[in-house]
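Okay, so here's the structure we're looking at.
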Amino acid sequence: MDVEIGNLFVRRCTLVRAPNFEVWKHFETEQALQKWFGLGHQVEAYTPGHEGHIQLSVEVQGARRSYGGKILNWQANRELSFDNNWEDVEMAWPVSTQITLRLTQVGDETLVELFHHGFELLGESASAQHEAYEAGWNNQHLSALKKLVECE
Numbered sequence: 167m168d169v170e171i172g173n174l175f176v177r178r179c180t181l182v183r184a185p186n187f188e189v190w191k192h193f194e195t196e197q198a199l200q201k202w203f204g205l206g207h208q209v210e211a212y213t214p215g216h217e218g219h220i221q222l223s224v225e226v227q228g229a230r231r232s233y234g235g236k237i238l239n240w241q242a243n244r245e246l247s248f249d250n251n252w253e254d255v256e257m258a259w260p261v262s263t264q265i266t267l268r269l270t271q272v273g274d275e276t277l278v279e280l281f282h283h284g285f286e287l288l289g290e291s292a293s294a295q296h297e298a299y300e301a302g303w304n305n306q307h308l309s310a311l312k313k314l315v316e317c318e
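The opening position of the sequence shown corresponds to residue 167 in this note's numbering, with each subsequent residue numbered one higher.
Okay, here's the thing in structure tokens:
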């Protein structure tokens with residue numbers, strides 16, 4: 167079952183000229199994920215699957231900061247959702263947000279959506295946090311995935 171996307175989310179998407187099972191190959195291993203998600207971010211550890219975990223990092227104000235969490239939903243060829251929180255106690259939220267990568271077959275192509283969601287659970291800081299991530303996310307990861315898949 168898909169993870170429910172709440173009311174306050176950041177969404178980025180791209181349409182890839184390939185079936186979902188071809189796109190999904192780039193989610194199946196740490197090395198495959200690093201090739202496209204590792205732009206600006208680093209895939210530090212990734213155990214795919216139902217009991218899996220993902221740890222990523224990104225540079226924030228000149229220092230590398232880790233984030234990620236437990237995989238909440240793993241549906242091959244369809245969806246990867248995971249808990250998302252900062253490991254640094256000073257940056258951590260009181261509750262985790264989530265990141266969902268969802269693949270939807272559209273004819274011969276695949277719509278790939280990236281959702282960062284759950285901001286409404288952050289209380290008073292929800293609006294400001296959502297606004298910051300809305301301004302900060304671009305489509306570079308999904309553009310890299312599209313290029314990688316379509317050039318194979």
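Heads up, the beta-carbon is just placed ideally off N, CA and C, and yes, glycines get one too.
Source: prediction; values computed, not measured.
Spatial neighbours of residue i within its chain, please: CB distance less than 8 Å, with the 5 preceding and 5 following residues excluded, ordered by chain position.
{"i": "A258", "result": "N251, W252"}
{"i": "G172", "result": "H283, G284, F285, E286, L287"}
{"i": "P260", "result": "L288, G289"}
{"i": "S232", "result": "E210, Q221, L222, S223, W252, E253, D254"}
Locate the alpha helix (DSSP H) running through residue i, then write down its first and last residues.
{"i": "Q306", "result": "306-316"}
{"i": "E170", "result": "No alpha helix (DSSP H) contains E170, which DSSP labels as neither H nor E."}
{"i": "A184", "result": "Segment: none, A184 is in no alpha helix (DSSP H) and carries neither H nor E."}
{"i": "F203", "result": "196-203"}
{"i": "A242", "result": "Neither: A242 is in no alpha helix (DSSP H) and is coded neither H nor E."}
{"i": "H283", "result": "Per DSSP, H283 belongs to no alpha helix (DSSP H); it is in the beta strand (DSSP E), 275-283."}
{"i": "E300", "result": "292-302"}
Count the other C-beta atoms from every protein chain shown that fall within 10 angstroms of the C-beta of residue i, then say buried if there are 16 or more, exposed otherwise.
{"i": "V189", "result": "buried"}
{"i": "Q227", "result": "exposed"}
{"i": "S293", "result": "exposed"}
{"i": "K312", "result": "buried"}
{"i": "H192", "result": "buried"}
{"i": "V272", "result": "exposed"}
{"i": "S247", "result": "buried"}
Output the boundary residues of the beta strand (DSSP E) element that contains residue i.
{"i": "W259", "result": "That residue, W259, is in no beta strand (DSSP E); it is neither H nor E in DSSP."}
{"i": "L246", "result": "245-252"}
{"i": "Q227", "result": "Counting along the chain, Q227 falls outside any beta strand (DSSP E), and DSSP gives it neither H nor E."}
{"i": "E217", "result": "Looking at the DSSP string, E217 is not in any beta strand (DSSP E), and its letter there is neither H nor E."}
Could you name the residues of the same chain whose beta carbon sits closer than 6 Å to that of residue i, not counting the 5 residues immediately before and after it, in chain order?
{"i": "R244", "result": "L269"}
{"i": "H207", "result": "L222, V224"}
{"i": "H296", "result": "L174, F285"}
Which same chain residues, not among the five before or five after residue i, have their C-beta less than 7 Å away from its C-beta?
{"i": "E300", "result": "V176"}
{"i": "F203", "result": "V209, H307"}
{"i": "Y334", "result": "Nothing about residue 334 can be read from this structure; the chain reaches only from 167 to 318."}
{"i": "V315", "result": "V182, A184, E188, V189, H192"}
{"i": "E194", "result": "P214"}
Please look up how many angstroms separate the CB atoms of residue i and residue j, rounded, as I've assumed it's under 8 Å.
{"i": "A310", "j": "L199", "result": "The Cβ separation is near 11 Å, so there is no contact."}
{"i": "S339", "j": "G235", "result": "Residue numbering for the chain in the displayed model covers 167 to 318; residue 339 lies beyond these limits and cannot be assessed."}
> Below 8 Å, can you find three or more Cβ-Cβ pairs linking the stretch 222-239 to the stretch 278-285?
Replying inline: No, the stretch 222-239 does not touch the stretch 278-285.
>> Three or more C-beta pairs under 8 Å: does that hold for the stretch 259-269 against the stretch 179-195?
In response: The stretch 259-269 is in contact with the stretch 179-195.
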